[in-house]
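> Sequences listed follow chains A and B, in order.
When we follow this note's numbering, the leftmost residue of the first sequence carries the number 175, and every step to the right adds one.
When we follow this note's numbering, the leftmost residue of the second sequence carries the number 6, and every step to the right adds one.
Idealized CB from N, CA, C, for every residue including glycine.
My questions will all concern the structure given below.
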Amino acid sequence: MKRFYLLLVAVAVIGGALLYMAGKTKAGSVSAVSDVPPANDGFKGNTLGSDSAPVEVVEYVDYECPICAIFATIQFPTIKEQLITTGKVRWRIRDYPLRIPAHPNARYAALAAECAGEQGKFWPMADSLFMHHDWAQTGRDVSGLFRGFAQATGVDLAKYDACMQTQKYAGRIAASYLEGEQLGVNGTPTFFVNGRSYPGRATSDGFKAYVDSLIANRTTRR
Amino acid sequence: MRHRQVIAVLALAGLFVALYLYLYKIGVYGELKCGTGGCEVVQASPYAVLLGQPVALYGVLGYAALFAVCLTGLHPRFAAQRWPTTALAVMATLGFAFTAYLTGLEAFVIHAWCRWCLGSAVIITLIWFVALPAALRSRRPRTVS
């Protein structure tokens with residue numbers, strides 16, 4: 175019996191020591207992206223849908239924004255089914271990582287999405303960032319988490335790591351932000367439909383009604 | 006008696022694993038020591054929260070309950086009684102079933118593996134392997150020679 179209690183004490187001491195040591199690692203650290211000047215490399219965002227779709231929706235997005243996450247997880251799947259796969263709409267994502275203290279990882283998330291996009295995995299990565307949105311606004315170091323997302327999408331991790339370390343697309347993201355500002359974007363998500371500010375509600379029904387009306391107008395004009 | 010000691014040690018180890026995941030989930034720790042990003046992917050998924058509470062909290066409470074029942078059952082006053090053995094078997098079975106569900110989520114829904122969660126799964130499986138036969142043995146009538 176004495177040996178049993180000694181064993182219990184040993185497990186308790188080892189467990190307590192490990193918890194204490196884990197607590198010594200820096201909490202609340204943020205994966206920072208350097209402030210770089212905008213670099214317009216001609217890239218106009220990642221798209222989903224047919225190149226010949228009559229309507230193009232441009233969405234300015236911040237991956238740390240909860241409303242963007244709700245839109246992406248609740249409304250977007252229906253939009254995809256009703257408008258994108260049917261060939262009516264081409265959806266284009268532009269980065270607009272808000273520069274507010276409450277979104278410390280927004281640019282890092284945009285960078286992760288671009289680095290996955292470099293390997294053709296932009297959309298699965300964006301889905302992961304929005305689906306597992308618990309990371310947002312906690313101020314935690316998200317580098318390991320995003321790397322896990324990237325790994326799950328099937329990217330070559332060595333290339334992803336190199337892209338993240340060099341912040342390869344930081345300038346592109348800054349350029350996208352600047353373009354958004356020039357268009358009058360001041361929050362996310364902000365939508366433009368065929369180059370004009372979208373006046374409707376950010377719901378699948380709202381987009382369907384608006385897109386259908388645009389297509390109907392186009393048809394009657396012919 | 007020996008099975009209660011074994012379960013107590015395992016439950017205490019499991020308690021620390023669950024506590025580690027819970028403290029991460031509530032923001033005490035900035036990162037999980039995982040080797041890959043799998044732990045964080047699992048912890049950031051919607052499945053890491055159940056009924057408004059982190060799943061790891063249920064682990065903490067479950068292992069704490071197992072540990073408490075073991076210690077109670079080892080007290081001389083209750084050592085000869087059967088109920089602690091039965092209670093351990095019931096709790097271990099519930100814990101094992103819940104862990105099997107969570108492991109299934111990791112494999113088929115989240116598509117990421119959390120090593121700490123797997124560690125906890127191994128612990129609860131061992132507890133179940135010890136608790137269940139002990140409960141079955143305790144139900145057999147004792148023969149007097």
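Can you check whether the C-beta of residue 335 of chain A is within less than 8 Å of a C-beta belonging to chain B?
On the first sequence, residue 335 of chain A is found 161 positions in, with the first residue counted as 1. So no, residue 335 of chain A is outside the interface.
> In the DSSP assignment, find the alpha helix (DSSP H) that holds residue 47 of chain B and state where it starts and stops.
Working through the second sequence from its first residue, we reach residue 47 of chain B at position 42. Element bounds for residue 47 of chain B: 43-49.
> So, helix, strand or coil for residue 127 of chain B, using DSSP?
Here residue 127 of chain B corresponds to residue number 122 of the second sequence, with the count starting at 1. Looking at residue 127 of chain B - three-state DSSP - the assignment turns out to be helix.
> According to DSSP, is residue 297 of chain A helix, strand or coil?
On the first sequence, residue 297 of chain A is found 123 positions in, with the first residue counted as 1. Of the three classes helix, strand and coil, the one that applies to residue 297 of chain A here is helix, per DSSP.
> Per DSSP, what kind of secondary structure is residue 274 of chain A in: helix, strand or coil?
As a first step, residue 274 of chain A must be located in the first sequence, where it is residue number 100. Three-state result, residue 274 of chain A: coil.
> In this structure, what does DSSP give as the bridge partners for residue 234 of chain A?
On the first sequence, residue 234 of chain A is found 60 positions in, with the first residue counted as 1. Looking at the DSSP assignment, residue 234 of chain A forms a beta bridge with A/268, A/364.
> Under 8 Å Cβ to Cβ from residue 383 of chain A, same chain only, skipping five residues before and after it: list those, please.
For this step, residue 383 of chain A is matched to residue 209 along the first sequence. The residues are 374.
> Using a Cβ-Cβ distance cut-off of 8 Å, determine whether residue 300 of chain A contacts chain B.
Within the first sequence, residue 300 of chain A is the residue found at index 126, counting from 1. Judged by the 8 Å Cβ criterion, residue 300 of chain A is not in contact with chain B.
> Here's the rule I'm using: 16 or more other beta-carbon atoms within 10 Å means buried, otherwise exposed. How should residue 133 of chain B be labelled?
The count along the second sequence starts at 1 and reaches residue 133 of chain B at position 128. So residue 133 of chain B counts as buried.
> How would you list, in chain order, the residues of chain A whose beta-carbon sits under 7 Å from the beta-carbon of residue 50 of chain B?
Counting from 1 along the second sequence, the entry for residue 50 of chain B is found at position 45. Correct list: 306.
> Could you check which residue in A/282, A/239, A/299 has the C-alpha nearest to that of residue 340 of chain A?
Mapped onto the first sequence, residue 340 of chain A falls at position 166. Of A/282, A/239, A/299, the residue nearest in Cα terms is A/282.
> Using only CA atoms, which one of A/274, A/263, A/348, A/371 lies nearest to residue 385 of chain A?
The sequence position of residue 385 of chain A within the first sequence is 211, counting from 1. If we check each option's Cα against that of residue 385 of chain A, A/263 comes out closest.
> Give the interface partners of residue 21 of chain B over in chain A, defined as CB-CB distance under 9 Å, in chain order.
Position 16 of the second sequence, counted from the first residue, corresponds to residue 21 of chain B. Residues of chain A passing the Cβ test: 185, 186, 188, 189, 190, 192, 193.
> Mind listing the chain A neighbours of residue 58 of chain B? Cutoff is C-beta to C-beta under 7 Å, in chain order.
Against the second sequence, residue 58 of chain B aligns to sequence position 53. None at all; the shortest Cβ gap to chain A is about 13 Å.
> Rounded to the nearest angstrom, how far is the Cβ of residue 345 of chain A from that of residue 268 of chain A, given a contact under 8 Å?
Here residue 345 of chain A refers to the residue found at position 171 of the first sequence. Here residue 268 of chain A refers to the residue found at position 94 of the first sequence. That pair is no contact at about 15 Å.
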